[in-house]
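Numbering of the sequence shown is given in the working numbering, commencing with residue 1 and proceeding in unit increments. These notes concern the structure reproduced below.
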Amino acid sequence: MRAHDLLEASSRLAGFDETPADSCVAHDAGAPVRRVCAGINATTGDLLVAREMGCDTFLLHHPLAGDAKRRFHLVLARMVELMEDHGVPPAPARAAVEPLARRARFNDHLSDWGHLADAAKRIGITLLNVHLAADELGRLAMLEALRPLPEHATVADVVRALGDVPELAHPENEIIVVPESDAPRPAGRIAVMHAGGTNGGASVAEALFAHGVGTVAYIHLSGEDAGRLEARAREGHAGSLVVTGHMASDAIGMNLLLQWLREEHAVECVAYGGLAPFDGLR
Ligand SMILES: [Fe+2]
Ligand SMILES: [Fe+2]
């Protein structure tokens, strides 16, 4: 299997017709993919570690290199789609995402997108990243875990149900409820806002709450946005947030990809760095 085939096949596995803009082959060293070092993040040093471990390919999750880093902001359109799926009309959905999309667009523009790709080229290792497709696989796994929940489930029940996902149940992973005192409250309609590029912050959660969603699940959230949502709750506005944990949540989709590579394509995979604690959990 070649790197471009791996990229395309992983997109199809997650149900995308085209490879999402936040995923790319940053460097193809030319050899087939046989032994993969897979991680959530990577530095030039990590590429050397991968080569040291005898890997021909680094499979990265986050869009840290090449076209994926320059074009990451484009996948935030997917967050708007997810909001629409949860009943937010197009105009307020776009308005809630716009400041984030603008920030991402300028961050991508200023980024050093060539650095990691060049390091891969110089040491002769293939470097690709799979971001949105892996997150979509993770989102589907979370939805599956939530499916058995009864209609009148509480926020604490949501947290417990997510604990059926092996990566989220890792003893070092913490699932945070915002505001914390919401755990016994009815969860209402649940929106799993993963695979939208990043978390939508307070503005996306607020737009969802304003359109009938009772509980939003994010995989991470800034302390500032958590504070804003807590302040809004103190003013009597309903709406709870469940923050599932960044590395554990990203590991769900990446583990599913590794499982597919190992079982369907006989590719050797070494889970590395932030992904390593979650290896072998499925
Ligand atoms: Fe992710
Ligand atoms: Fe992530």
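Don't be surprised by glycine CBs; every beta carbon is placed ideally from N, CA and C.
Asked: Taking CB distances under 7 Å as the criterion, tell me whether D225 reaches chain D.; Found: The chain labelled as chain D is not found in the depicted structure, where only one protein chain is given.
Asked: With distances taken from CA atoms, which of V165, A276, A95, A119 is nearest A334?; Found: The chain is shown from 1 up to 282; residue 334 falls before or after that span and cannot be answered.
Asked: Quick one: grab the DSSP three-state call for S203.; Found: helix
Asked: Should E206 be labelled buried (16 or more other beta-carbon atoms within 10 Å of its own) or exposed?; Found: buried
Asked: In the DSSP assignment, find the beta strand (DSSP E) that holds F58 and state where it starts and stops.; Found: 57-60
Asked: Go through its chain and collect everything with a Cβ distance to H73's Cβ below 7 Å, but skip five positions before and after it.; Found: A101, A104, R105, D108
Asked: Identify which residue in L132, G163, A134 has its Cα closest to the Cα of R147.; Found: G163
Asked: I believe V25 touches E268 by the beta-carbon criterion, under 8 Å. Please report the beta-carbon distance rounded to the nearest angstrom.; Found: Incorrect: roughly 19 Å between the Cβ atoms, too far for contact.
Asked: Measure the Cβ-Cβ separation of P20 and V75 and say whether it is below 7 Å.; Found: yes
Asked: Determine the extent of the alpha helix (DSSP H) in which A226 is found, giving its start and end residues.; Found: 223-234
Asked: My guess is that G197 and R78 are in contact by the Cβ rule of under 8 Å, so how many angstroms apart are they, rounded?; Found: 6 Å
Asked: Hey, quick one: how far does the beta strand (DSSP E) through A191 stretch, first residue to last?; Found: 189-192
Asked: Is there contact between the region 170-187 and the region 123-141, where contact requires at least three CB pairs shorter than 8 Å?; Found: no
Asked: Taking the runs of the alpha helix (DSSP H) that are 4 residues or longer, which of them lie wholly in the region 28-82?; Found: 44-52, 66-71
Asked: Closest to R34 by CA distance: which of A93, G273, F58, T43 is it?; Found: F58
Asked: Using a threshold of 7 Å, state whether the C-beta atoms of V216 and L241 are closer than that.; Found: yes
Asked: Have a look at L284 and V243 and give me their C-alpha separation to the nearest angstrom.; Found: The question about residue 284 has no answer here: the residues shown for the chain are numbered 1 through 282.
Asked: Count Cβ pairs between the region 258-272 and the region 46-62 that sit closer than 8 Å; are there 3 or more?; Found: yes
Asked: Taking only the alpha-carbon atoms, compute the straight-line gap between L82 and A266 and give it to the nearest angstrom.; Found: 34 Å
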